[in-house]
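Here's the structure we're looking at; comments come further down.
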Amino acid sequence: MDSYLKNYINGQWVDSIGGKRHQVISPSTEEACTEIVLGTKADVDAAVAAAKEAFKTFSQTTREERIALMERVVEEYKKRAGDLAASMSNEMGAPLSFASTAQVGAGIGGFMGTLEALKTFNFTEQAGAAKVVYEPMGVVGLITPWNWPLNQIALKVAPCLAAGNTMILKPSEECPGNAAIFAEIMHAAGVPAGVFNLVQGDGMTVGESISAHPDIDMVSFTGSTRAGIMVAKSAADTVKRVHQELGGKSPNLVLPGADLQATLPATVSGVWINSGQSCISPARILVHKDQEAEAIGVIKGIMESIQVGDPLAEGGHIGPVVNKAQYEKIQGLIQSGIDEGAKVETGGVGLPSNVNRGYYIKPTVFSGVTRNMRIAKEEIFGPVAAVITYSDLEEAIDIANDTEYGLSAAISGDPAKAAEVAPKLRA
Numbered sequence: 002m003d004s005y006l007k008n009y010i011n012g013q014w015v016d017s018i019g020g021k022r023h024q025v026i027s028p029s030t031e032e033a034c035t036e037i038v039l040g041t042k043a044d045v046d047a048a049v050a051a052a053k054e055a056f057k058t059f060s061q062t063t064r065e066e067r068i069a070l071m072e073r074v075v076e077e078y079k080k081r082a083g084d085l086a087a088s089m090s091n092e093m094g095a096p097l098s099f100a101s102t103a104q105v106g107a108g109i110g111g112f113m114g115t116l117e118a119l120k121t122f123n124f125t126e127q128a129g130a131a132k133v134v135y136e137p138m139g140v141v142g143l144i145t146p147w148n149w150p151l152n153q154i155a156l157k158v159a160p161c162l163a164a165g166n167t168m169i170l171k172p173s174e175e176c177p178g179n180a181a182i183f184a185e186i187m188h189a190a191g192v193p194a195g196v197f198n199l200v201q202g203d204g205m206t207v208g209e210s211i212s213a214h215p216d217i218d219m220v221s222f223t224g225s226t227r228a229g230i231m232v233a234k235s236a237a238d239t240v241k242r243v244h245q246e247l248g249g250k251s252p253n254l255v256l257p258g259a260d261l262q263a264t265l266p267a268t269v270s271g272v273w274i275n276s277g278q279s280c281i282s283p284a285r286i287l288v289h290k291d292q293e294a295e296a297i298g299v300i301k302g303i304m305e306s307i308q309v310g311d312p313l314a315e316g317g318h319i320g321p322v323v324n325k326a327q328y329e330k331i332q333g334l335i336q337s338g339i340d341e342g343a344k345v346e347t348g349g350v351g352l353p354s355n356v357n358r359g360y361y362i363k364p365t366v367f368s369g370v371t372r373n374m375r376i377a378k379e380e381i382f383g384p385v386a387a388v389i390t391y392s393d394l395e396e397a398i399d400i401a402n403d404t405e406y407g408l409s410a411a412i413s414g415d416p417a418k419a420a421e422v423a424p425k426l427r428a
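Have a look at this one:
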């Protein structure tokens, strides 16, 4: 079992002040795979104090100095790619091949994209008679999820470094190992003490302490809508800037007459990739009523071709979902679809036939779904597709926009027609 029992504060690995041990359960074996210590408010206070002090000097660094620093981070990151992939595979169940390419690759992509932007970013501009200067925010609290852990860490840490901010990272306690390795990467790259700090912990203690802390100037949160509301409320008392990316129930509006064999594979892949654990998953598939039978056939064929299995095995399969709570939630939503009258075209409740333990989900396709069913309204976060029919584009747009979320949407079909429809989507 991997152990990461210290926080990284002010350039050093330090014991938690009063924290309790927490074990991460492997979703493939249902056995403990990682142990951390859940941090406390006192740990956050120490990290914030270090970040606040470091900001005095780091905020004054030049663009060239920060570029050189980020380039060193990238080099150290590449050296630890194998360790990062193995950690995510153990803790969240991502197949090792997928963790090595998509998960680790997303992190490096975030840093490289930010580096390129930093090289040409104009930190001053003229607005009439006024000169506008873009300055670092200050101390930033970063709260990241478990489903795309390194992607979210990189997309928050890299811009913070590029702009001259200092930061405190709280990763998900469901997938904490990669964040500890990332802290080792930052240390090896020579990130100045206090610029980057890591406090492991849960949302109710460490997350709340970050969002409410008076010396944190901004909080960036990615996670559930429920938790995002709590973060925003907590941050309001200190009037800090809040950036959030929350849940989604994204539509894939398939335009009338679309070539289904050509268009559906790409968007349906978004339903099953990462075992469906993506906030932008286009899991509501809207098809014209005249193409329903063909669409179901194509989607069913795609989902039945997806193999489920051991994250450590070779191949292009998918692994389990992250934990027992997620597994039970997804099973409950699949059952609700059945109870509400939708038809299971493939998949359904229970474990896939080739496994006898772990939190594995059968890739599932529902037809006969109506907009008011739970599987059409609630974020499932598993490899489950809901096919909904429409009579005309006006109805399709209305169904697509009939959601409490507002994260993303996909349109499949003629690009020119898609460009006309896209501005009308609010999903």
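In the numbering used here, the protein residues as written are 2 to 428.
Quick reminder that beta carbons are idealized off the backbone N, C-alpha and C, glycines included.
Quick caveat, the model's predicted, so the values are computed rather than measured.
{"Query": "Could I get the ranges of all uninterrupted beta strand (DSSP E) runs contained in the stretch 314–401, with 3 residues as the minimum, in chain order?", "Result": "344–347, 365–368 and 385–391"}
{"Query": "Under 6 Å Cβ to Cβ from Thr404, same chain only, skipping five residues before and after it: list those, please.", "Result": "Lys250 and Ala428"}
{"Query": "With H, G and I counted as helix, E and B as strand and the rest as coil, what does DSSP make of Val240?", "Result": "coil"}
{"Query": "Tell me the DSSP secondary structure of Ala259 in three-state form.", "Result": "coil"}
{"Query": "Decide if Gln24 is buried, meaning its Cβ has at least 16 other Cβ atoms within 10 Å, or exposed.", "Result": "exposed"}
{"Query": "Taking the C-alpha atoms as reference points, what is the distance between Leu116 and Leu334?", "Result": "42 Å"}
{"Query": "With distance defined between alpha-carbon atoms, name the residue in Leu162, Asp3 and Pro177 nearest to Met187.", "Result": "Leu162"}
{"Query": "In three-state DSSP terms, what is Asp3?", "Result": "strand"}
{"Query": "I want to know whether the stretch 375–393 touches the stretch 190–208 - three or more CB-CB distances under 8 Å.", "Result": "no"}
{"Query": "Between Ala411 and the rest of its own chain, which residues show a CB-CB distance below 8 Å, the 5 nearest in sequence each way excluded?", "Result": "Ser251, Pro252, Asn253, Leu254, Thr268, Gly271 and Pro283"}
{"Query": "So the alpha helix (DSSP H) Asp44 belongs to, where does it begin and stop?", "Result": "Lys42 to Phe59"}
{"Query": "Go to Met168, then tell me how far its beta strand (DSSP E) extends in each direction, as first and last residue.", "Result": "Thr167 to Lys171"}
{"Query": "For the beta strand (DSSP E) holding Asn198, just list the boundary residues, first then last.", "Result": "Phe197 to Leu199"}
{"Query": "DSSP beta-bridge partners for Asn148?", "Result": "None; Asn148 has no bridge partner."}
{"Query": "Cβ atoms of Arg285 and Ala343: under 8 Å apart, would you say?", "Result": "no"}
{"Query": "How far does the beta strand (DSSP E) with Ala33 in it reach, from first residue to last?", "Result": "Ala33 to Leu39"}
{"Query": "Can you give me the C-alpha to C-alpha distance between Pro312 and Thr35, rounded to a whole angstrom?", "Result": "16 Å"}
{"Query": "Fully enclosed by the stretch 60–133, which alpha helix (DSSP H) runs are 4 residues long or longer?", "Result": "64–80, 82–93 and 105–121"}
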